[in-house]
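Chains as they are written, first to last, in full-length UniProt numbering: chain A, 1 to 198; chain B, 1 to 198.
Built from N, CA and C at the ideal position, the CB exists for glycine as well.
Beneath this line is the structure, given in structure tokens, with notes to follow.
Protein chains: 2
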Amino acid sequence: MAEGPTRRRGKALLDAIYTAAVDEAAASGPGRLTMDAIAKRAATPRSTLYRRWSDPLDLLLDALADRHPVEQPAPGADDLRGDLVAALRLMVEWGFSPAGRAVMAILGDPARDPRVVEALWERVFDRRGGTFTQTVLRHYASRGALDPARLTPVVLDIGEAMVTKRMLDTGAAPDDDYLAAIVDQAILPAVGLGPAPA
Amino acid sequence: MAEGPTRRRGKALLDAIYTAAVDEAAASGPGRLTMDAIAKRAATPRSTLYRRWSDPLDLLLDALADRHPVEQPAPGADDLRGDLVAALRLMVEWGFSPAGRAVMAILGDPARDPRVVEALWERVFDRRGGTFTQTVLRHYASRGALDPARLTPVVLDIGEAMVTKRMLDTGAAPDDDYLAAIVDQAILPAVGLGPAPA
DNA sequence: ACGATAAGATACATGACTGTAGCTAACTTG
DNA sequence: CAAGTTAGCTACAGTCATGTATCTTATCGT
């Protein structure tokens with residue numbers, strides 16, 4: 001019987017550990033995240049974990065950073081509305097991945113350590129060039145399709161905020177109709193392309 | 001020495017327990033909430049807690065329900081903008097109370113039990129007539145100051161969503177400037193009272 | 001092929017929380 | 001004032017996670 005290697009090392013092992021950590025965090029919440037559970041899920045002895053990380057959260061941050069490269073919205077030709085909906089769809093997808101759930105729980109934790117959040121931004125988010133709708137809005141602004149002066153931090157965050165709140169409230173992924181409503185009723189008016197003022 | 005009663009009962013005791021539960025949840029997060037910690041904080045034996053509740057979350061829900069009546073926004077005469085900012089200020093205040101932190105953590109918990117969330121809405125939120133900016137917007141719509149047709153679920157939730165996201169991101173309370181920016185740049189355009197479209 | 005490295009398999013004392021139980025004594029109600 | 005209720009106290013066995021410390025042996029680099 002041609003058996004493969006029986007003992008994992010390096011990248012393969014790391015990968016199993018990271019997967020276990022993120023899944024475990026998504027299942028139990030980072031608050032209840034434990035070295036023991038990660039080790040069991042990854043089928044590795046705890047000692048292996050302790051060799052590299054001092055506590056579960058530290059491990060989780062590495063895992064999230066490793067997992068992070070998220071698909072970027074690719075703004076198309078001339079469909080601002082469609083591209084915005086697509087960007088939000090990407091966000092929903094990410095938000096419901098184990099990584100997204102874990103991040104949400106970290107941010108929502110009232111006992112959150114500011115250093116952890118800071119590390120989260122540094123190690124995970126900052127590598128990406130801006131958030132989902134931001135990329136799209138900036139793209140169209142640079143093409144002159146909308147007024148760059150309107151793209152304040154508040155406006156750039158409307159889509160993400162609405163989706164976040166919706167996911168928090170319902171626990172479910174907003175469908176395309178709801179995403180379209182966000183675009184039509186909140187984002188477009190804010191960038192000056194909505195229905196005319198009364 | 002005229003000593004009061006040395007043993008708490010009924011409402012006084014309940015009150016101490018509820019306070020302990022909410023504070024404990026705000027401090028450690030509901031994920032790490034334990035009967036033991038609540039009991040210690042309330043200086044009561046665990047047996048007293050087990051007599052009434054079967055687990056910490058059940059207890060916490062009762063505590064939140066008991067604590068809930070939140071101050072309602074009181075829309076004034078003719079200052080939609082000011083009233084909206086005031087409503088958001090109320091929301092921020094609530095969000096940073098122990099109860100608000102606990103609720104946030106419950107909603108953000110990836111392992112959240114749908115029944116718990118349902119119970120949270122039933123026992124805590126539904127008693128109130130709508131959320132913060134909702135009350136204000138409906139008030140002005142009924143006076144004809146803005147178009148009721150614009151008050152879709154999405155639009156009614158913009159303010160709350162922006163504040164929620166901001167608190168999640170920064171962990172701090174948005175100041176009045178930021179609240180005003182939300183009103184000016186997101187809510188007012190969405191109800192048709194913002195800057196004119198380009 | 002050899003030697004360094006590190007995964008894998010234990011084992012252990014410690015501490016936290018659980019759920020239950022039994023007792024005493026303070027309060028409330030009739 | 002007597003009887004019923006229930007806070008307060010203590011103790012217990014059971015479970016789970018923690019760190020640490022072995023010892024082995026598979027795998028990698030040279």
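Closest Cα partner of residue i within the set the options
i, options, result
"Val163 of chain A", "A:Leu13, A:Val92, A:Val124, A:Ala190", "A:Val92"
"Val70 of chain B", "B:Asp126, B:Leu137, B:Arg7", "B:Asp126"
"Leu61 of chain A", "A:Asp175, A:Arg9, A:Thr19", "A:Thr19"
"Glu24 of chain B", "B:Phe96, B:Ala43, B:Ala37, B:Arg115", "B:Ala37"
"Asp184 of chain B", "A:Ala181, A:Asp176, A:Val191", "A:Val191"
"Leu64 of chain A", "A:Val22, A:Leu80, A:Thr48, A:Ala27", "A:Val22"
"Ala161 of chain B", "B:Pro189, B:Leu33, B:Phe132, B:Pro45", "B:Phe132"
"Pro174 of chain A", "A:Glu118, A:Ala99, A:Glu122, A:Val85", "A:Val85"
"Arg67 of chain B", "B:Val155, B:Gly82, B:Asp177, B:Ala16", "B:Ala16"
"Pro45 of chain B", "B:Arg8, B:Leu80, B:Arg81", "B:Arg8"
"Trp53 of chain B", "B:Gln72, B:Ala77, B:Leu14", "B:Leu14"
"Ala105 of chain A", "B:Gly10, B:Arg81, B:Lys165, B:Pro110", "B:Pro110"
"Ala145 of chain A", "A:Thr170, A:Gly76, A:Ala186, A:Arg89", "A:Gly76"
"Met167 of chain A", "A:Arg150, A:Gly100, A:Val117, A:Val136", "A:Gly100"
"Leu107 of chain A", "A:Gly159, A:Leu80, A:Leu120", "A:Leu120"
"Ala42 of chain B", "B:Leu59, B:Gly29, B:Gly31", "B:Leu59"
"His139 of chain B", "B:Ala74, B:Thr48, B:Ala26", "B:Ala74"
"Met35 of chain A", "A:Gly29, A:Leu49, A:Ser28, A:Ala27", "A:Leu49"
"Leu90 of chain B", "B:Pro189, B:Ala186, B:Asp55, B:Asp176", "B:Asp176"
"Val154 of chain B", "A:Pro114, A:Val117, A:Trp94, A:Ala180", "A:Ala180"
"Gln72 of chain A", "A:Thr152, A:Ile182, A:Leu88", "A:Leu88"
"Ala102 of chain A", "A:Tyr178, A:Arg32, A:Pro189", "A:Arg32"
As assigned by DSSP and simplified to three states, the class of residue i
i, result
"Ala198 of chain A", "Low local confidence applies: a pLDDT of 49 at Ala198 of chain A is under 50, so the model's placement there is unreliable, with the coordinate-based value given in what follows. Coil."
"His139 of chain B", "helix"
"Leu188 of chain A", "helix"
"Trp94 of chain B", "helix"
"Glu24 of chain A", "helix"
"Val70 of chain B", "coil"
"Pro174 of chain B", "coil"
"Ala77 of chain A", "coil"
"Gly31 of chain B", "helix"
"Ala145 of chain B", "coil"
"Asp62 of chain A", "helix"
"Leu193 of chain B", "coil"
"Trp121 of chain A", "helix"
"Asp109 of chain B", "coil"
"Arg46 of chain B", "helix"
"Thr6 of chain B", "coil"
"Leu168 of chain B", "helix"
"Met1 of chain B", "At Met1 of chain B the pLDDT is 49, less than 50, meaning the model places this residue with poor confidence; the figure from the coordinates comes in the next sentence. In this structure, Met1 of chain B counts as coil in the three-state DSSP scheme."
"Tyr18 of chain A", "helix"
"Leu151 of chain B", "coil"
"Thr131 of chain B", "coil"
"Asp55 of chain B", "coil"
"Asp36 of chain A", "helix"
"Asp83 of chain A", "helix"
"Ala12 of chain A", "helix"
Contacts of residue i in chain B (Cβ-Cβ under 8 Å)
i, result
"Val154 of chain A", "Met162, Tyr178, Ala181, Ile182, Gln185, Ala186"
"Asp36 of chain A", "Residues of chain B passing the Cβ test: none, with the nearest at roughly 15 Å."
Under 8 Å from the C-beta of residue i: neighbouring residues of chain A
i, result
"Arg32 of chain B", "Gly31, Arg32, Ala111"
"Arg52 of chain B", "What Arg52 of chain B touches in chain A: nothing, since even the nearest Cβ is about 24 Å away."
"Arg101 of chain B", "Pro110"
Listed by chain order, chain A residues near residue i by CB distance under 7 Å
i, result
"Pro189 of chain B", "Pro189, Ala190, Gly194"
"Ser28 of chain B", "Ala111"
Chain A contact residues for residue i, given Cβ-Cβ distances below 9 Å
i, result
"Asp55 of chain B", "Correct list: empty, because the minimum Cβ distance to chain A is about 14 Å."
Contacts that residue i makes with chain B (C-beta to C-beta distance below 7 Å)
i, result
"Asp58 of chain A", "By Cβ distance, chain B contributes nothing, its closest Cβ being about 17 Å from Asp58 of chain A, past 7 Å."
> Name the residues in the region 159 to 186 of chain B whose C-beta lies less than 7 Å from a C-beta of chain A; which are they?
Replying inline: Residues of the region 159 to 186 of chain B with a C-beta less than 7 Å from any C-beta of chain A: Glu160, Ala161, Met162, Thr164, Lys165, Leu168, Gly171, Ala181, Ile182, Gln185, Ala186, listed in chain order.
>> Closer than 8 Å between beta carbons: that is the criterion. Which residues of the region 103 to 134 of chain B meet it against chain A?
In response: Met104, Ala105, Leu107, Gly108, Asp109, Pro110, Ala111, Arg112, Pro114, Val117: these are the residues of the region 103 to 134 of chain B whose beta carbon lies less than 8 Å from some beta carbon of chain A, given in chain order.
> Taking a cut of 8 Å between CB atoms, which residues from the region 61 to 82 of chain A lie near chain B?
Replying inline: Residues passing the 8 Å Cβ filter: none.
> Taking any Cβ of chain B, which residues in the region 10 to 23 of chain A have a Cβ under 9 Å from it, in chain order?
Replying inline: Residues of the region 10 to 23 of chain A whose Cβ lies closer than 9 Å to any Cβ of chain B: none.
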